[in-house]
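From first to last, the protein sequence lines stand for chains A and B.
Here our numbering is used: the first residue of the first sequence is 110, the next is one more, and so on.
Here our numbering is used: the first residue of the second sequence is 74, the next is one more, and so on.
Positions of the beta carbon are idealized from the N, C-alpha and C atoms, including for glycine.
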Amino acid sequence: MEVRNNNNNKYDRQLRIWGDQGQLALEQANTCLLNCGPTGSEALKNLVLGGIGSCTIVDDSKVEARDLGNNFFVDWESIGLSKAKTVCNFLQELNDTVKAKFLEESPETIINVNPDFFSQFTLVIATQMKEQSLLMLDAICRKQGVMLLIARSFGLTGLIRISLKEHCVIESKPDNVIHDLRLQKPWAELKRFSDEFDTEIDDSVIHKHIPFAILLIKACEDWRKTHGDSLPSTSKEKAEFKNLLSSKRRGVDEDNYKEAILSAYRVWSSPTIS
Amino acid sequence: MLSQKAKVLMVGAGGIGCELLKTLALTGFKDIHLIDLDTIEVSNLNRQFLFRKQHVGQSKAKVARDAVLKFKPDIKIEAHHANVKNSDFDVEFFKQFNVVLNGLDNVDARRHVNRLCLAAGVPLVESGSTGYLGQVTVHVKDQTECYECQTKELPKTYPVCTITNTPSKPVHCIVWAKDLLFARLFGDRNQSSDLIVHTNDRTSSAATADTDFFNIKDGETPESYACRVFDGVFGDNIEVALRNEETWKSRKRPRPLYICEVYSDAKKPRIDGSCNSPDGNDKHTASAARILGLSNPQEVWTVRDSANVFLKALELLLNTRQKDIGSLVFDKDDQLAMEFVTAAANLRSSCFDIPMQSLFEAKGIAGNIVHAIATTNAIISGLIVLEAIKLLMGNLDDCRTTYCLEYPRRKMLLMPAELSAPKSSCYVCSQSTLLLEVNTTMTRLREVVEKIVRGQLSVNSPMISQGPCLIYETGDDLEEDMVTQYNQNLEKFLDSLPAPIVDGSILSIEDFQQEFTCHLQIKHREIFDEEKEPDNMVLSGKLSTTRDQALPGSVQLTAVADNVSIHAVDDDDEVILIDEVAKQDLKRKVLDEESVIVCGKRQRTEVS
Numbered sequence: 110m111e112v113r114n115n116n117n118n119k120y121d122r123q124l125r126i127w128g129d130q131g132q133l134a135l136e137q138a139n140t141c142l143l144n145c146g147p148t149g150s151e152a153l154k155n156l157v158l159g160g161i162g163s164c165t166i167v168d169d170s171k172v173e174a175r176d177l178g179n180n181f182f183v184d185w186e187s188i189g190l191s192k193a194k195t196v197c198n199f200l201q202e203l204n205d206t207v208k209a210k211f212l213e214e215s216p217e218t219i220i221n222v223n224p225d226f227f228s229q230f231t232l233v234i235a236t237q238m239k240e241q242s243l244l245m246l247d248a249i250c251r252k253q254g255v256m257l258l259i260a261r262s263f264g265l266t267g268l269i270r271i272s273l274k275e276h277c278v279i280e281s282k283p284d285n286v287i288h289d290l291r292l293q294k295p296w297a298e299l300k301r302f303s304d305e306f307d308t309e310i311d312d313s314v315i316h317k318h319i320p321f322a323i324l325l326i327k328a329c330e331d332w333r334k335t336h337g338d339s340l341p342s343t344s345k346e347k348a349e350f351k352n353l354l355s356s357k358r359r360g361v362d363e364d365n366y367k368e369a370i371l372s373a374y375r376v377w378s379s380p381t382i383s
Numbered sequence: 074m075l076s077q078k079a080k081v082l083m084v085g086a087g088g089i090g091c092e093l094l095k096t097l098a099l100t101g102f103k104d105i106h107l108i109d110l111d112t113i114e115v116s117n118l119n120r121q122f123l124f125r126k127q128h129v130g131q132s133k134a135k136v137a138r139d140a141v142l143k144f145k146p147d148i149k150i151e152a153h154h155a156n157v158k159n160s161d162f163d164v165e166f167f168k169q170f171n172v173v174l175n176g177l178d179n180v181d182a183r184r185h186v187n188r189l190c191l192a193a194g195v196p197l198v199e200s201g202s203t204g205y206l207g208q209v210t211v212h213v214k215d216q217t218e219c220y221e222c223q224t225k226e227l228p229k230t231y232p233v234c235t236i237t238n239t240p241s242k243p244v245h246c247i248v249w250a251k252d253l254l255f256a257r258l259f260g261d262r263n264q265s266s267d268l269i270v271h272t273n274d275r276t277s278s279a280a281t282a283d284t285d286f287f288n289i290k291d292g293e294t295p296e297s298y299a300c301r302v303f304d305g306v307f308g309d310n311i312e313v314a315l316r317n318e319e320t321w322k323s324r325k326r327p328r329p330l331y332i333c334e335v336y337s338d339a340k341k342p343r344i345d346g347s348c349n350s351p352d353g354n355d356k357h358t359a360s361a362a363r364i365l366g367l368s369n370p371q372e373v374w375t376v377r378d379s380a381n382v383f384l385k386a387l388e389l390l391l392n393t394r395q396k397d398i399g400s401l402v403f404d405k406d407d408q409l410a411m412e413f414v415t416a417a418a419n420l421r422s423s424c425f426d427i428p429m430q431s432l433f434e435a436k437g438i439a440g441n442i443v444h445a446i447a448t449t450n451a452i453i454s455g456l457i458v459l460e461a462i463k464l465l466m467g468n469l470d471d472c473r474t475t476y477c478l479e480y481p482r483r484k485m486l487l488m489p490a491e492l493s494a495p496k497s498s499c500y501v502c503s504q505s506t507l508l509l510e511v512n513t514t515m516t517r518l519r520e521v522v523e524k525i526v527r528g529q530l531s532v533n534s535p536m537i538s539q540g541p542c543l544i545y546e547t548g549d550d551l552e553e554d555m556v557t558q559y560n561q562n563l564e565k566f567l568d569s570l571p572a573p574i575v576d577g578s579i580l581s582i583e584d585f586q587q588e589f590t591c592h593l594q595i596k597h598r599e600i601f602d603e604e605k606e607p608d609n610m611v612l613s614g615k616l617s618t619t620r621d622q623a624l625p626g627s628v629q630l631t632a633v634a635d636n637v638s639i640h641a642v643d644d645d646d647e648v649i650l651i652d653e654v655a656k657q658d659l660k661r662k663v664l665d666e667e668s669v670i671v672c673g674k675r676q677r678t679e680v681s
């Protein structure tokens, strides 16, 4: 992995968008670009700068004079040479941690003759290709679990299509995080810790310093004993639960009880996958 | 071909600049001037693709030019490694161009260029980007709004008392650590603000109230100095603050923190006074955190970690930067400084029950870092060139403001909007008078010049006069006795000037380079709200902040970066962007989704 912990990381500005996780996904991705005209080259440039794991360019054309006008990644000296190789070399210069490769072959040929070629990639970017080939490519990619991104540009307009199987993303970033205090299911050490406290204790100083989470754990236990091992569910029960807590409060200065009552909702809204 | 004959000025060779230079070259432009004052940094390399690792430290403008010439040797590119506000770039300079293209990262420079373009009568294409968002627009004198017709939100400043007494957010603690503590310990002592906590009871004050508190005493070791400072700012200062009951009536009371509490059961990090840290003295690599085993900048430190870093970084700074102490300016890329600020901010946060930040996050906040990638800038550069071509063809009607969105809206990632006519209330492109409320008996001219004239009005070389009397001006060709007089004037209270400024006075503010004039009417006021009006003066009239409602018929531009420092912003790729466009019911004249404007002709999009 690229110097992740180096503070003067060249990826600093983009880490602030997608974090370590996003960067890792980028660096582990193997991409394939079909046709490295201006559209493909420009797209790949942005990925290479960002640190994509590898990119393989598939294009059988040679660099012509007319390419010099619209593709920044070919130059006079490369006329007559393989466009894939030329673009590949240039892109490699942009980021030496990316593995840039090329294959001097037409994408259509590979689609027809060697579809398994695509199985090694995470993502295939198909640019300026005809619908017929795209349909075949899509079928191949679907079968092999490879993501496909189709891009076409015409003059001043362009379009992008993504094709990938429906999949599950478990990465909850809820707007309102509910911290799990394990009130309903304290683990062994927490339970032992909780047992050390006595809510009936005479000493008022100790009484008002019992942490509110402990008060709730104990209240849960008590509730369970008298309610068949279940937790408050109806609004009547929830109110009753809070009243039980209040009844134990001995004075206005007992902030711990106030906090416990305010946080009582944590008892019945346990964090689950939503 | 149109592009081949045009002469273009690019201001900025950074994120947008690199992409723009490439796009201009590919579009056939052959005569380009490029201005950028910056040098290349490692963090630029993820998107400013004309630069390589070996170019770090070199001029962006020059390296960009060289890179493009390698690919297109037949273009003329003149690179200026200079500040666009430099007097060399006067109206005559601007007049030679057919169009000016901005790829800047701060409002101040944008305003300056705006004024010069207005003065020279040259159309300006403006742009900005941050993360996935970006926008491009066009300004043509007398035909469209100028850049300043729509007021830009000024950099966020925090009331002093929030920073010194009642912080409630991480940014407050970071600003405190950076602009107060760091500045006081390592910067120019004469310029630093008070770290003293204000108490109503004037007889009791913190040990830190002693003006020499932060000076290292004779014979004091770095270790005992560090501990003394620690206890002073995180312990005593807080104790004193707590004595003011009024403050804490409806706020959570902070907890003082002392060295002995932090290390009650553990040893302090070894402070051995040695000057040799294994990383050497390179300010980019010398690190207290690494010595202490805290190698992951994204990990949030504990209170103990923060205390360790605080003490160690302080020691290293004292020992390895002796010659800089007393003049050190905070630089987010100065590793030790950044670690010190993070540690100090975290310790303060822990006293006030505010969540602590990792080094990575703190750096973003302290350095006003804006996230950025290549893709957005590439898109923006394309849009800039399209607008430039429309202008060169004389098709102003086809020019648009275009927003690059993060998610497609109605299946489009690019959203165009028609341009608006100039605002008659704009004090830049239409003459109008502003109102300045200030205490004329207690405010010095210097404050007005810094906060209002240079600050809010963004005037570069001001000439201030009242009627026929010149009160202040800047310039290289002034006579010595004039300069002396002006310097004296700066220190005088407004009503004590040779031409006294009192209630009802009208000042003229001019800048020849910007060809800018505006009038300032003075209104005397005694009292200012410390929290709401921390500058002790209020500028109003036609100039209103964007916190007020949006001007009708316009799109609201709001700054995205809301984590800025107490002083002027020095940021990288600061953005001015729309956020709320879709939610506002505006006379925006967005084009319908069925058609796309292509060089004056509406065409139906054909998607195969």
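- Fewer than three Cβ pairs drawn from the region 92-100 of chain B and the region 410-425 of chain B lie within less than 8 Å of each other, which leaves the two stretches out of contact.
- In the DSSP assignment, Pro216/A falls within the unbroken alpha helix (DSSP H) covering Pro216 to Val222.
- Taking a C-beta distance under 8 Å as the contact criterion, Lys133/B and Asp109/B qualify as a contact pair.
- For Arg421/B, the enclosing alpha helix (DSSP H) stretches over residues Gln408 to Cys424.
- Remark: C-beta atoms of Leu367/B and Ala386/B do not approach each other more closely than 8 Å.
- In this structure the region 102-117 of chain B does not lie against the region 188-199 of chain B, because fewer than three pairs of beta carbons, one per stretch, are closer than 8 Å.
- Leu142/B has its alpha-carbon roughly 20 Å from the corresponding atom of Met74/B.
- A distance of 8 Å or more separates the beta carbons of Gly178/A and Gln132/A.
- The alpha helix (DSSP H) runs of length 4 or more contained entirely in the region 114-150 of chain B are, from start to end of the chain, 133-144.
- Restricting attention to Lys605/B, Asn512/B, Asp550/B and Thr506/B, the CA atom closest to the CA of Ile582/B is found in Thr506/B.
- Counting C-beta atoms within 10 angstroms of its own C-beta, Glu319/B has fewer than 16 neighbours from the protein chains shown and is therefore classed as exposed.
- Counting only residues of its own chain and dropping the five nearest sequence neighbours on each side, Met245/A has a CB closer than 7 Å to the CB of Ile220.
- Look at His288/A here: in three-state DSSP terms it is coil, with no helix or strand label.
- In the structure shown, the three-state DSSP call for His336/A is coil.
- In terms of Cα proximity to Lys171/A, the closest of Ser215/A, Leu153/A and Thr165/A is Ser215/A.
- Put simply, the region 219-235 of chain A touches the region 246-259 of chain A. At least three CB pairs are less than 8 Å apart.
- Note on geometry: alpha-carbon atoms of Asp285/B and Gly88/B lie some 45 Å from one another.
- Within 10 angstroms of the beta-carbon of Glu293/B lie fewer than 16 other beta-carbons, which makes it exposed.
- Note that the C-beta distance between Ser431/B and Pro370/B is below 8 Å.
- Taking 8 Å as the upper bound on Cβ-Cβ separation, chain B lies near no residue of the region 333-367 of chain A.
- Comparing C-alpha distances from Lys225/B to each of Asn179/B, Val233/B and Asp252/B shows the shortest one belongs to Asn179/B.
- For Leu97/B, the closest alpha carbon among the candidates Ile113/B, Ala79/B, Ala182/B and Glu114/B is that of Ala79/B.
- Residues of the region 437-453 of chain B with a C-beta atom less than 8 Å from some C-beta of chain A are Gly437, Ile442, Val443, His444, Ala445, Ile446, Ala447, Thr448 and Ala451, listed in chain order.
- For a Cβ distance threshold of 9 Å, nothing in chain B lies close to Tyr374/A: the least Cβ distance comes to about 21 Å.
- Contact check for Asn365/A and His318/A: beta-carbon distance about 7 Å, within the 8 Å limit, so the pair qualifies.
- Identification of residues in the region 369-388 of chain B having a C-beta nearer than 9 Å to some C-beta of chain A yields Asn369, Pro370 and Gln371, given in sequence order.
- Chain A has a Cβ within less than 8 Å of the Cβ of Lys95/B.
- Residue-level contact by beta carbon fails for Phe102/B and chain A, as no gap is shorter than 8 Å.
- With a contact defined as Cβ atoms closer than 8 Å, Phe259/B and Leu464/B miss out at about 49 Å.
- Think of a sphere of 9 Å around the beta carbon of Ser116/B: the chain A residues whose beta carbon falls inside it are Asn117, Asn118, Lys119, Tyr120, Asp121 and Arg122, in chain order.
- Between Ala328/A and Leu299/A, the C-beta gap is not smaller than 8 Å, which leaves the two residues out of contact.
- By the criterion of a C-beta distance shorter than 7 Å, Thr239/B is surrounded in its chain by Thr320 and Arg324, once the five residues flanking it on both sides are discounted.
- Under the three-state reduction of DSSP, Cys145/A is assigned to coil, being neither helix nor strand.
- Our two residues, Met238/A and Ser262/A, have alpha carbons roughly 10 Å apart in a direct line.
- For Tyr476/B, the enclosing beta strand (DSSP E) has its first and last residue at Arg473 to Arg482.
- Ranking Lys135/B, Asp426/B, Glu523/B and Ala362/B by CA distance to the CA of Ser241/B puts Asp426/B first.
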